[in-house]
Ligand SMILES: Nc1ncnc2c1ncn2[C@@H]1O[C@H](COP(=O)(O)OP(=O)(O)OP(=O)(O)O)[C@@H](O)[C@H]1O
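Numbering (our numbering), first residue to last: 14 to 699.
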C-alpha cells in the first residue's frame with residue numbers, strides 16, 4: 014500500500030501550486046492530500062508524513078487541528094524556476110521592493126534570491142507600515158502582489174515558491190521509499206530545470222535574432238546612431254556611426270562614451286540634456302547631433318546627421334509642399350513701394366512674422382494683403398513648413414467647412430472613402446492664410462474660433478481630436494467693425510484673429526509709388542519698354558479703386574496694345590480706365606462673355622472644381638464637376654458641363670483632356686476665375 018502524505022499550506026493558491034509540484038514528482042509512489050488553513054477545516058488528520066508549507070503554517074495548524082503522524086516536515090521553499098527569467102530581465106542596478114506576507118518572509122526570500130545568484134538587482138524588504146520607498150518603482154512578490162504600494166510602476170508576480178530538492182528527498186526518506194526512487198525523483202526535479210534552461214536558450218536565440226534585426230535596421234539608416242546606458246556605456250553603435258567616427262562597432266560597444274567620442278563638448282551635450290540638438294563639426298563634417306532620452310529604459314539615444322543631408326531632407330519636404338502648391342512665393346523684397354506708410358507697414362509685418370500669434374491684415378481689394386501673408390510666412394520660424402492659402406469667399410458654407418477641417422468617410426453623399434484631410438491638417442507646422450475672412454458664415458466662424466482656442470481640430474462628422482500646430486493669417490477687405498455691429502461677424506473671433514493686426518494703405522494714399530510699381534511690372538514682364546511722361550501723369554491722376562491689382566491690369570493691357578517700344582497715350586484704355594467704377598467692373602468688361610449672374614456662377618463652379626482637382630493632381634471628370642455644382646446652387650448635368658467646357662475651351666480658359674486625363678485649367682482660366690471670385694464678392698455685398 015502506498016504511504017500517505019498530507020500537505021498543509023496557508024492559502025488555497027499556495028496549496029494548489031505545491032500540490033501540483035508534489036503530484037508531479039511523487040504522485041506515482043505516495044498518496045497525497047492537501048489542505049489550506051484558509052479553507053477552515055476542523056476534522057482530525059492522519060498520515061504517514063505531514064508536510065507544512067512553512068513554520069508559521071505549522072504553528073497555526075497545530076493550534077487549530079488534531080494531527081496524527083509519525084513524521085512531520087516543515088518544507089524549505091525556493092524560487093519557482095519558471096519565473097527566474099522575469100527576474101533576470103530586470104535591468105542591472107535597479108532597486109526592487111520584495112513584497113511578502115510579512116517582513117521576515119520578505120527578508121527570507123531576499124536571502125534565497127541572493128543564494129540563487131540573482132545579485133544584479135538591489136532588493137529591499139517590504140514593511141506593511143511603510144508606504145513610500147525612495148527611488149523604488151518595481152516590486153516583486155511570490156503571489157502577494159496585491160500588497161505592493163499602489164504607486165509602483167511595475168509589480169512582478171514571481172509565483173508561489175516551490176519545495177526545494179532537500180525537502181523532496183526528506184519526504185522520500187520519511188515515506189521509506191527505495192534509494193533507487195530518490196534517483197528517479199531527483200532526475201525529474203532536474204528535468205524541470207533543464208526544460209527551463211531550454212526555454213531560456215530559445216528565448217535568448219530569439220533575442221539574438223531580434224537584436225541582429227534591429228542592428229540591420231539601424232545600419233540601413235545613413236545617420237549615425239548610438240545609445241548609452243545609465244553608466245554611459247555604449248550599447249548600440251551603427252554603421253553610420255562607424256563611418257563618422259572611424260571606429261569599428263566591436264570596439265565601441267561596451268565602452269564608455271567619453272572614450273569613443275573625441276570631442277568632450279559632444280559628450281557634455283549628451284550628458285546634460287539642456288538642449289535637444291546641437292551643431293558640431295565631427296572629423297571635418299558639419300553635423301547636427303540630436304539627443305533622445307528613453308526614460309523607461311534609462312538609456313539615451315543619440316543620432317548624428319550631416320548638415321548637407323538635413324538640407325536635402327528639407328529640400329524634399331519643400332519640393333513636396335511645392336508640388337501640392339503649399340509654398341509661399343513672395344518675400345518682403347517683392348513688396349514694392351517707398352512711401353513712408355508702406356515702409357512702416359513692412360516694418361511692422363516683419364516684426365509680427367517672428368511671433369506665433371494670429372495676424373489679421375486689413376486693406377482695400379488689391380492692396381497686397383496676400384503678398385504680405387506670403388512674405389510673413391517666409392520670414393517666420395515656420396518658413397520651412399507649408400503655406401496654405403484659402404479664399405474663404407470662394408466656397409459655400411458646407412464646402413468651406415469640409416475644406417478647412419476635413420471630413421470623415423460617409424459624412425455626406427460623395428464623401429471620399431477614408432475621409433479627407435482638411436487644409437488645417439495640411440498646413441500643420443506651417444501657416445494657413447484665410448483670405449476674405451469677413452465673408453465666412455457664423456457657423457464656420459464658431460468652428461474656426463474653437464480651432465484657434467484649442468489648437469486642435471475635429472473633422473466634419475468625426476470624433477477623433479487631431480492636434481495641430483498652425484499659424485493663422487487672415488485678411489479682409491470688408492469693414493469688420495461694421496460686420497461686428499450688425500452681428501454678422503463674431504467679436505470674440507475678431508479679437509482672437511486680431512491679436513496682431515495691421516492695415517495696408519490704399520494706392521491712392523501713396524501715389525508716389527505708382528512709377529516704381531509700373532517700372533517693377535514692366536521689368537517683370539521681361540520687356541524693354543518706356544512709358545511716356547503723359548501716360549505716367551494719367552496714371553498718377555487716377556484714383557485706383559482696385560489698387561495695385563487694377564494698376565497691374567491696366568499696365569498689362571497697355572503693354573499688350575503698345576507698339577513694343579513705348580507706352581503712349583493712345584495705349585491708355587480709354588473709357589474703361591477713366592471710369593470711376595471699381596476695378597472689378599474693369600475686369601467685368603474684359604471678361605464680358607459671361608452675360609448673366611447664373612452663367613458666372615456656373616463658370617465659377619466649373620473652373621474652381623477643375624483648379625482644385627488640378628492642384629491635387631487629380632482628373633476633373635464631367636460627372637465630378639456635375640456633383641460639385643450642387644454645392645454652388647447652379648446644378649449642371651454632366652451633359653451641360655460638357656457644353657460649358659466646350660465654350661470655356663473656345664475662350665482659352667480650359668483644355669479638355671482625353672479619357673482619364675480630365676480637363677486642365679489654363680493660366681488665362683486662373684485669371685478669369687480670380688475675376689469671377691471678385692464678382693461673387695460684389696454680388697454678395699450689394
Ligand atoms: N506692393 C506691391 N508690390 C508689388 N506687387 C503688388 C504689391 N501689392 C500688390 N501687388 C500685386 O497686386 C496684385 C493683388 O495683390 P493681392 O492679391 O496680394 O491683394 P489683396 O489685397 O490680397 O487683394 P484681395 O483683397 O482682392 O484679395 C497681385 O498681383 C500682387 O502681386
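All C-beta atoms, glycine included, are put in the ideal place defined by N, C-alpha and C.
Distance cut-off 7 Å: residue i Cβ against heavy atoms of ligand 1
i	result
residue 350	yes
residue 346	no
residue 448	yes
residue 533	yes
residue 562	yes
residue 490	yes
residue 565	yes
residue 522	no
residue 617	no
residue 383	yes
residue 379	yes
residue 640	no
residue 376	yes
residue 572	no
residue 373	no
residue 530	yes
Close beta carbons around residue i, own chain, < 6 Å, minus the five adjacent residues each side
i	result
residue 487	373, 447, 450 and 510
residue 43	15, 16, 18 and 188
residue 86	64 and 183
residue 651	635, 636 and 639
residue 385	362 and 374
residue 662	669
residue 591	Any reading at residue 591 needs caution, since the residue's pLDDT is 38, under 50, leaving its predicted position unreliable; the model's value is listed next. Nothing listed; no residue qualifies.
residue 403	436 and 447
residue 231	238 and 251
residue 33	none
residue 343	384, 387 and 388
Cβ neighbour criterion (16 or more within 10 Å) applied to residue i
i	result
residue 27	buried
residue 703	Lying before the first or after the last residue shown, residue 703 is absent from the chain, which here runs from 14 to 699.
residue 615	buried
residue 154	buried
residue 393	buried
residue 689	buried
residue 477	exposed
residue 681	exposed
residue 378	buried
residue 79	exposed
residue 77	exposed
residue 624	buried
residue 257	buried
residue 498	exposed
residue 66	buried
residue 508	exposed
residue 558	buried
residue 218	exposed
residue 101	exposed
Distance between beta carbons of residue j and residue i, contact taken as under 8 Å
i	j	result
residue 461	residue 644	Contact doesn't hold; Cβ gap of about 19 Å is too wide.
residue 110	residue 137	5 Å
residue 300	residue 271	Not confirmed; about 18 Å, so no contact.
residue 521	residue 482	Going by Cβ atoms, the distance from residue 521 to residue 482 rounds to 40 Å, so no, they are not a contact pair.
residue 240	residue 314	5 Å
residue 108	residue 170	At roughly 19 Å, the Cβ-Cβ gap does not stay under 8 Å, so residue 108 and residue 170 are not in contact.
residue 466	residue 502	Rounded, the Cβ-Cβ distance is 17 Å, inconsistent with contact.
residue 175	residue 30	7 Å
residue 410	residue 472	Between residue 472 and residue 410 the Cβ distance is about 16 Å, and since that is not below 8 Å, they are no contact.
residue 517	residue 382	6 Å
residue 246	residue 269	6 Å
Other residues of its chain near residue i: CB distance less than 7 Å, five sequence neighbours each side excluded
i	result
residue 13	Nothing can be reported for residue 13, as the shown portion of the chain is limited to 14 through 699.
residue 181	38, 198 and 202
residue 185	194, 195 and 198
residue 654	619, 635, 638 and 639
residue 648	642
residue 434	419
Neighbour flag for residue i against chain D, beta carbons, 8 Å
i	result
residue 510	The displayed structure is made up of one protein chain only, and chain D is not part of it.
Close beta carbons around residue i, own chain, < 8 Å, minus the five adjacent residues each side
i	result
residue 696	Confidence is the limiting factor: at residue 696 the pLDDT is only 39, short of 50, which leaves the residue's position unreliable, though a coordinate-based value still follows. Excluding sequence neighbours, residue 696 sits near 610.
residue 48	19, 20, 21, 22, 28, 54 and 58
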